[in-house]
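In our numbering, the protein residues as written are 5 to 270. Glycine included, each C-beta is placed from N, C-alpha and C at the ideal position. Below is one structure; the comments refer to it alone.
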Amino acid sequence: MSGLETRFSGNVPENYDRGLGPFIFDYYAKQMASRCASLAPEEVLETAAGTGIVTKYLRDCLSSHCSLIATDLNPPMLDYAAGKFGNDVSVQFETADACQLPFGDGRFDAVVCQFGVMFFPDRQAGYKEALRVLKRGGTYLFSVWDEWAKNPFAEIAYKVGAEFFRNDPPEFYKIPFSYSDTDAIENTLKGAGFCEISVEAVPHRQTLSDIALFAHGIVYGNPLYDELLERNIEPQAFCQKLTKALRYELGESMPLNAEFIAAMKQ
């Protein structure tokens, strides 16, 4: 996968989980876990699991007899996820690249990935790997963000960056919102060998109970932090500016929009 995985280290996992989880990931994680559980799977693989936000909801929703393996390319993120479970052995954590999975063919009933495929350097390769490890009749469930216009917090962050560095603003927040063409996604899935593909838009209105914490997560819970340092921008100054901009532009709540995709292996 991309070199971004090397930047999700240090305090980034905790800042990501605490500052971004409640505001942009939790609602969709619950949706993903519920959809997966409705399939009544016996073995589930999660890729790009990050800090285990979806993992926790999956474990809560799935049958106690269902095997769950959570993977991520970045060990510090996965270590943070594993820490949520303590001595609980009902989830297996394994460092793995979603584009080169270390599992045998036809093993899983479902493969789940929340907001991860946008970072795959070769998405069709990632889809082919999901197809390979799925059983016949198994389902690949994943989500992507819709465009900036429907997720304005990201564009606000980018614009604040542009104020600090007009000719070279930090680019990280463009990446997660660059893969919202569902026709293209469907064609790539078909090219990888999937069938019975469904796409559903899932809008949500998210309450912003602590804008300062959210802004802190945007800055300190992402590679954006490293981009700021590389440009000699003080992250705290950026964070303060971003907090004000979010409060002014969004107020007490914000719209979020994602696409949920389900694809079956014949």
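(request) Could you pull out every residue in the same chain whose Cβ sits closer than 6 angstroms to the Cβ of Gly7, ignoring the five residues on either side in sequence? (result) As a first step, residue 7 must be located in the sequence shown, where it is residue number 3. Only weak support is given to the placement of Gly7: the predicted model assigns it a pLDDT of 49, under 50, and the value that follows is read from those uncertain coordinates. If the five residues before and after Gly7 are omitted, its C-beta is found closer than 6 angstroms to no C-beta atom of its own chain.
(message) I need the straight-line Cα distance from Met258 to Asn155, nearest angstrom please.
(response) Taking the first residue of the sequence shown as position 1, residue 258 is located at position 254. Taking the first residue of the sequence shown as position 1, residue 155 is located at position 151. Each residue's alpha carbon lies about 8 angstroms from the other.
(message) Considering only DSSP beta bridges, list what Phe97 is partnered with.
(response) Here residue 97 is taken as the residue at index 93 of the sequence shown, counted from 1. According to DSSP, residue pairing for Phe97 in a beta bridge involves Ala74.
(message) Applying the 10 Å Cβ sphere with the 16-neighbour rule, what's the burial state of Leu82?
(response) Taking the sequence shown and counting its residues from 1, one reaches residue 82 at position 78. So Leu82 counts as buried.
(request) Express the C-alpha separation of Leu105 and Glu2 in angstroms, rounding to a whole number. (result) The first residue shown for the chain is 5 and the last is 270, placing residue 2 beyond what the model contains.
(request) With DSSP collapsed to three states, give me the class of Asp113. (result) Locating residue 113 in the sequence shown gives position 109, counting from the first residue. In the structure shown, Asp113 sits in a strand (DSSP, three-state: E or B).
(request) May I ask which residues mark the beginning and end of the alpha helix (DSSP H) holding His3? (result) Because the chain in this structure spans residues 5 to 270, residue 3 falls outside the shown range and cannot be described.
(message) If I measure Cβ to Cβ from Leu233 and keep anything under 8 angstroms in the same chain, skipping five residues before and after, which residues do I get?
(response) By 1-based counting over the sequence shown, the position of residue 233 is 229. Correct list, in chain order: Pro239.
(message) By the three-class DSSP mapping on this structure, what secondary structure does Tyr32 have?
(response) What you label residue 32 is simply residue 28 of the sequence shown in a count that begins at 1. Helix at Tyr32.
(message) Along the chain, where does the alpha helix (DSSP H) containing Gln1 start, and where does it finish?
(response) Only positions 5 to 270 of the chain appear in this structure, which leaves residue 1 out of reach.
(message) Beta-carbon within less than 6 angstroms of Gly110's beta-carbon, same chain only, minus the 5 sequence neighbours each way: which residues are those?
(response) Your numbering for residue 110 matches position 106 in the sequence shown. So the qualifying residues of the chain are Lys139.
(request) Could you round the C-beta distance between Glu47 and Ser71 to whole angstroms and report it? I think they count as a contact, below 8 angstroms. (result) Stepping through the sequence shown from its first residue, residue 47 is reached at position 43. Stepping through the sequence shown from its first residue, residue 71 is reached at position 67. Going by Cβ atoms, the distance from Glu47 to Ser71 rounds to 5 angstroms, so yes, they are a contact pair.
(request) Whole angstroms is fine: what's the gap from Phe27's alpha carbon to Phe157's? (result) Here residue 27 refers to the residue found at position 23 of the sequence shown. Here residue 157 refers to the residue found at position 153 of the sequence shown. One alpha carbon belongs to Phe27, the other to Phe157, and they sit about 11 angstroms apart.
(request) Note down the Cα distance separating Ser1 from Ala188, rounded to an integer number of angstroms. (result) Here the chain covers residues 5 to 270 and nothing more, so residue 1 does not appear.
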